[in-house]
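All residue numbers for the sequence shown refer to this note's numbering, where the first residue is 147 and numbers rise by one.
Glycine is no exception: its CB is placed at the ideal position from the N, C-alpha and C atoms.
What you are looking at is a predicted structure, and each value in this text was computed from that prediction instead of being measured.
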Amino acid sequence: MSAWIWMAADDAGMNEMAVAQVAQISALLGCPAQIWCAPDFEADAHACFAGLSVKAMPQFWDPDPGSYASMVVGHLASLDCVAVLGPHASWMAHGLSMAAAVFGVPFYSRILLSHAPECVRSICANRACESVRISGPFMGTVMPGCGAVTAGAWHVSSCIGAPVGGFHLPESMSLEMLVDDLVSLDRANVVFAGGRGLGSRENFDKLAHCAECYGAGLAASRLAVDLGWCRNDLQVGQTGRAVAPDIYVAFGISGAIQHIAGIQNARKIYAVNTDKNAPIFEFSDFGLIADAVQVIERLLNRVGE
Ligand SMILES: Cc1cc2nc3c(=O)[nH]c(=O)nc-3n(C[C@H](O)[C@H](O)[C@H](O)COP(=O)(O)OP(=O)(O)OC[C@H]3O[C@@H](n4cnc5c(N)ncnc54)[C@H](O)[C@@H]3O)c2cc1C
């Protein structure tokens, strides 16, 4: 029998509201929840989610998104499971979005279960809602407080269709690759980041190759992510991740304040932009007014010199 997983991470995932959320989601998905928690919380989880299956996960508290994703993927691969959800927190969102990428299933952050029928997830820092239609296995994070609504008031079933099948690992995808990427971005001394100014996915791939050649982490602006040039867990900024490398190099990134929010702790910011008035230069220690793609190509030509 298939199930869905509730990641009962902490107080936010293991309280009265969470119990109500779990019951509602189970009704919506048409299958029971299995509760995953840290071993220390196993007894609490049994008490809180009476009657539901509880599984204690040794690496549950690992704050490294890559290790967390590894844990999720390792345990899910052999399960008949249709959804994995947890209370929204950035580490949970990072970890689950990586795991979702491995399985090739969608990831939805900030799901608003208590919102109007068509509004399922919050976007733009809670200023707007986006309706999503879910028709297969998915992962996501749920905004807190949703359990306050009654089952009757919650009508998102019009958006979320009956799940089809479970999680299946594609043979071509390896978690190690993702873990390496993320670890390198979190711990890299140098980060190369690409924005819309790169002009195409092909050019973004060049940047990725360049970052690899120079041992730099790879990051992106939101527009680069929205254009589908890279995975969304590479997004840096207000609604992405924060990085703090010694050197952050922004290629074709305008320097919107929402992007800067994620790089404030970088020691040095270098920027390559064709527009001498681009805001990024106000935040940069070193600026180059140039075509970013040409600069990347020149950097690639110098590899091995
Ligand atoms: C609530 C909210 C949250 C947001 N969160 C984030 C976030 O987390 N992260 C984020 O990044 N954004 C975020 N945004 C979006 C943000 O406001 C910007 O729209 C986004 O950062 C712009 O991305 P960009 O710099 O790649 O693109 P653009 O703003 O389009 O800038 C492209 C830049 O490339 C330059 N350029 C063009 N061609 C070239 C070339 N050949 N060589 C060099 N330079 C070139 C241009 O001069 C321009 O400066 C958020 C927005 C909102 C409203």
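Taking the Cβ of His405 as the reference point, at least one heavy atom of ligand 1 falls within a distance shorter than 8 Å. Secondary structure within the segment 159 to 191: the beta strand (DSSP E) runs of 3 or more consecutive residues, fully enclosed, are 179 to 183 (chain order). At a cut-off of 8 Å, the beta-carbon of Thr385 counts as near ligand 1: some heavy atom of the ligand is closer than that. With a minimum length of 3 residues, the unbroken runs of beta strand (DSSP E) contained wholly in the segment 403 to 427 fall at 414 to 419. Judged by DSSP in its simplified three-state form, Arg256 adopts strand. Residue nearest to Ala424 within the set Arg413, Gln205, Ala412 and Ile403 is Ile403 (criterion: CA-CA distance). Around the beta carbon of Ser430, 16 or more other beta carbons sit within 10 angstroms, so the residue counts as buried. In terms of Cα proximity to Ala149, the closest of Gly361, Leu369 and Leu175 is Leu175. For Gly374, the Cβ stays outside the 8 Å cut-off from all heavy atoms of ligand 1. One Cα belongs to Cys227, the other to His405, and the distance between them is close to 36 Å. In this structure, Met217 sits away from Phe187, with a CB-CB distance that is not shorter than 9 Å. By the Cβ neighbour-count rule, Phe432 is exposed, with fewer than 16 other Cβ atoms within 10 Å of its own. In this structure, the CA atom of Gln205 is about 24 Å from the CA atom of Pro178.
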